[in-house]
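The structure under discussion appears below in the form of structure tokens.
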Amino acid sequence: MRLWLKKFFLRNGIVLSLYMLLVTFIWIVVMFVLPQIFMFDFSFRFNWTQIDPSKIGSPEDIYTLQHYKFLLFGSPNNPDPLNIVDVTVFGRTILAAIFVTLFDVILCYPVAYYLAHVAKGSITRLMMLSLVVPFWINELLRAFAFRILFGEEGTINNILLFLGVLNQPIDFVRENIALYTGLGYAYILLMIFPIYNAVESLDRNQIEAARDLGSPWWRIHWRVVIPFAKPGITSGCTMVFMLSAGALALPQIIGGPSSLWFTQIIYQWFNTGSNWPRGSAYAVSLMVICVILVLLIMKIFKVKFGEIGR
Amino acid sequence: MSADVTLENITVKFDDFTAVNNTDITIKGGEFFSFLGPSGCGKTTLLRVISGFQEPSQGRVLIGGNDMTGIGPNKRPTALIFQNLALFPLMTVWENIAFSLEVKGVSKTKCRKRAEELLELVAMPGQGDKMVNELSGGQRQRVAVARALAAEPEVLLLDEPLSALDLKLRQHMRTELREIQQRAGITFIYITHDQGEALTMSDRVAVMREGVIEQVEEGTKVYDKPVTAFVASFVGENNAFHGTVSNILAAKIVVSTDSGVLEASPAEGSSLKVGDKAIVFARPEAMSFVKRRNLVKNVINTEVVHQEFEGHFWHLILQGVNGLKIKMSQINDGTTEVFEEGKKIKVQIDPKLAVVLPSGPLAAE
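What follows is the structure, encoded as structure tokens:
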């Protein structure tokens, strides 16, 4: 370690070395590790309504699993065997996030492939631009605009009614279609760019070689392009899944009134519920399950952790 | 199974640039045929036209008598070996080789068996389970050949596949490719800028320049009897003496050059007339020291610049009239004489080995 540091300083000079070490430290330790540790610690504490403030830090201020128990089983006088509301919302959030992720992969892989290997010069730039520019619009504005688009009296319903496709308007918001579309749309770039990066580095000759050996286009993708792009696909999926599961603004604005997103429950505990330890426990649970799922998927698809960084 | 390949009036244009211009040629079934030319001469484009990756702007390709127009590369009886081989890095050796069989829906065990057989053919038995990146350059070469042969093509197309190998291996692979071609009994179409490869392996060689085939013949003919100045200067080494035709004799043409009056043989079907601009090409091995003092015909005065030793040959780099660089090669018979720089010597050109061709563009140095 000392040798490595010495070499690092010799190679990059003092100023750059110190700067790099500092920003890395801030990025990883201050911004990431420390807050998570506080949250984690918090999730095992009593709420301030349960403990006399003067006793905080005293031997009576012990660690407790009550918040995690609450997530699973509800309050002690809950007649059901489980905290049905919270657990259901939790499960539904995870499933919906998986669905959004799958939807994005299917949507983005062809686009990324097209950008990387089919489109030429100016078309590529135009497509890139048209992908990036919509994200100049802020998230809230976009969310409310989606309400207009997907509302019962919204543009889509009006067009479908006018064309005679529908007799009755569909409530896209209530059916959560607006939410899934909105989430899918919000994270498209995070899916396209990792896949694009991965696919782009594939040698074109490999595609041609497969074709020359008689392969139809779908098998070329299945056997040559997708295996090669796997780290990129996994990286994109990880980000989209994590962000979808953790989204708050979109579910709040365009989510159906009857279906909560788990983050909304977390938000309620922190905010209206004034129960930070319980909110922390909920947030930690969501994070742990999401990380486990991601690791599981990486294991199934045989993607190594290091490859994601490529 | 081998098929002949016919190119009919093939022209390929990229915007304003004509990569291949009106090419007509028939490659016989079972032939080892090479396209030889400098980079950018259109040989790779021609190969892509045959394999189906490039639609010609004009003309058509026939393989085994069948018109290939509109037929994709995956449906043609050809297999292409890419310059960088394009092996699939995420598949094992045997999966690479059996890819074309997998595409056809052949069962895994049969694929495996066939891959093993092909590995034997290319002298790599039992290495099917390795990954591509565990192989040496020569082994990858063989796997690429095996993968292409697994598709049972009637025509195998090779795009400078040996260029990445070191000299010894390249020479070895030449012999090996030729042997594989004879065992497999299919048509090989080979693209290269390396005349050594083209001459050693091929039945016939087509020399290309700027999208046009300048000469198609056996290697020995291309070397000994070039028909254009470009072919003479591109294939092998040649000393060029520019001049004007001053007389035409029965089997000789006399050209007056800066270096003196030179006599040399005309090319087949030569249409040179007195007064035409012409070039006398004399290979380094067609030059010799003047033995008889009184001999004056085809003798040029030179000065030694440099001497090189290459094993079976040794070379003299000479300077002639007006600073003309001349190379002369002698077989090493163990009595190599040492020449001092600046020594004046007279050299003779054998008129039977030298050839006169109409003036034209030469290959870039």
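Taken in sequence, the protein lines are chains A and B. Each residue of the first sequence is one higher than the last, beginning at -1 in my numbering. Each residue of the second sequence is one higher than the last, beginning at 35 in my numbering. We put the CB at the ideal spot given by N, CA and C, even for glycine.
Taken in chain order, the members of the region 97 to 108 of chain B whose beta-carbon sits within less than 9 Å of a beta-carbon on chain A are G106, P107 and N108. DSSP places Q88/B in the coil class of the three-state scheme, outside both helix and strand.
DSSP places F38/A in no beta strand (DSSP E) but in the uninterrupted alpha helix (DSSP H) bounded by L32 to F40. C-alpha of N174/A to C-alpha of P79/A: approximately 28 Å in a straight line. Only buried fits Y194/A, as 16 or more other CB atoms lie within 10 angstroms of its CB. In the structure shown, the three-state DSSP call for F133/B is helix. Taking C-alpha positions only, Q34/A is separated from G277/A by approximately 13 Å.
Against chain B, the CB of D210/A has a partner CB under 7 Å away; the residue lies at that interface.
Residue-level contact by beta carbon fails for S197/B and chain A, as no gap is shorter than 7 Å.
Distance from the CA atom of V87/A to the CA atom of L294/A, rounded to whole angstroms, is 22 Å.
Nearest CB-CB separation between L124/B and chain A: below the 7 Å threshold. Comparing alpha carbon positions, the residue from G309/B, T370/B and E231/B closest to L201/B is E231/B. Judged by beta-carbon spacing, V171/A lies within the 7 Å limit of F148/A, meaning their Cβ atoms are closer than that value. Nearest Cα to I168/A within the set G253/A, R140/A and G152/A: G152/A. Its chain contains L181, A184, W259 and T261 as the residues whose beta carbon lies nearer than 8 Å to that of A245/A, once the 5 sequence neighbours on both sides are disregarded; these appear in chain order. Between the region 240 to 249 of chain B and the region 287 to 294 of chain B, the count of Cβ pairs shorter than 8 Å is below three; the stretches do not touch. The secondary-structure analysis by DSSP pairs G277/B across a beta bridge with T291/B and A312/B. Residues of chain A whose Cβ lies closer than 8 Å to the Cβ of K138/B are, in chain order, G212. Chain order gives the chain A residues near N118/B as D201 and N203, where near means a beta carbon separation below 8 Å. Within the same chain, G86 come within 8 Å of G106/B by CB-CB distance, once the 5 residues on both sides are set aside. The residue from W274/A, P225/A and L211/A with its alpha-carbon nearest to that of S199/A is P225/A. Rounded to whole angstroms, the separation of the alpha carbons of N272/B and A266/B is 7 Å.
Going by C-alpha positions, S68/B is about 9 Å away from V250/B.
The beta carbon of F51/B does not come within 7 Å of any beta carbon belonging to chain A, so the residue lies off that interface. Under the Cβ distance rule, L114/B counts among the residues neighbouring chain A, one pair being separated by less than 7 Å.
CA-to-CA, the gap between P111/B and L41/B works out to about 15 Å. Contacts with chain A at 7 Å (Cβ-Cβ) include S134/B.
The beta carbons of A285/B and P187/B sit no closer together than 7 Å. Scanning the region 156 to 218 of chain A for uninterrupted alpha helix (DSSP H) segments of 4 residues or longer gives 175 to 184, 186 to 198, 202 to 210 and 215 to 218, listed from N- to C-terminal end. A direct Cα-Cα distance of roughly 12 Å separates L69/A from S41/A.
Between the region 175 to 190 of chain B and the region 203 to 222 of chain B, the count of Cβ pairs shorter than 8 Å is three or higher; the stretches touch. Residue burial is scored here from C-beta neighbours: A398/B has fewer than 16 other C-beta atoms within 10 angstroms and is therefore classed as exposed.
Restricted to the region 154 to 206 of chain B, the alpha helix (DSSP H) segments that are unbroken, complete and at least 4 residues in length are 171 to 184, listed in chain order. Interface with chain B (7 Å Cβ-Cβ cutoff): P225/A is included. At a cut-off of 7 Å between beta carbons, A149/B makes no contact with chain A.
Closest option to L352/B, judged by alpha-carbon separation, among L183/B, P318/B and R94/B: P318/B.
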